[in-house]
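Residue numbers (this note's numbering): 12 to 115.
All remarks here apply to the structure that follows.
Take a look at the structure:
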């Protein structure tokens, strides 16, 4: 699971914005050069962070939910709200998305 949040990132946060694609690409390049640091990009509803060649894509609401202690009976379904993949795999997805939006 988790591909849903990546799909939402591409469709809703990035959409057809070349500027956003450039920002995220620059972040990925910086992360590849300076491993060990956590780098973040924050969208309106979905964000990503890169730590040690791992890209984490997550809904911003997860940060809020983790601050609130919930009774076990009221747990939040998070399987579609978080995803992880390798930096180069994510870069490939982003490049393919850019190709798709410019050639449809």
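Ideal placement from N, C-alpha and C gives every residue a C-beta, glycine not left out.
Quick caveat, the model's predicted, so the values are computed rather than measured.
When the Cα atoms are used, residue 72 and residue 65 turn out to be separated by approximately 21 Å. Taking the Cα positions, residue 93 is about 21 Å away from residue 106. Under the three-state reduction of DSSP, residue 103 is assigned to helix.
For residue 49, DSSP records no beta bridge to any residue. Assigned with DSSP and collapsed to three states, residue 60 falls in strand. Looking only at 40, 34, 46, the smallest Cα-Cα distance to residue 63 is reached by 46.
Residues of the same chain with a CB within less than 6 Å of the CB of residue 51, apart from the 5 flanking positions on each side, are 60 in chain order. Residue state for residue 94 is assigned as strand, using DSSP reduced to three classes. Contact check for residue 108 against residue 25 passes: the beta carbons are separated by less than 8 Å. Within the DSSP bridge table, the entry for residue 67 names 60, 95 as partners.
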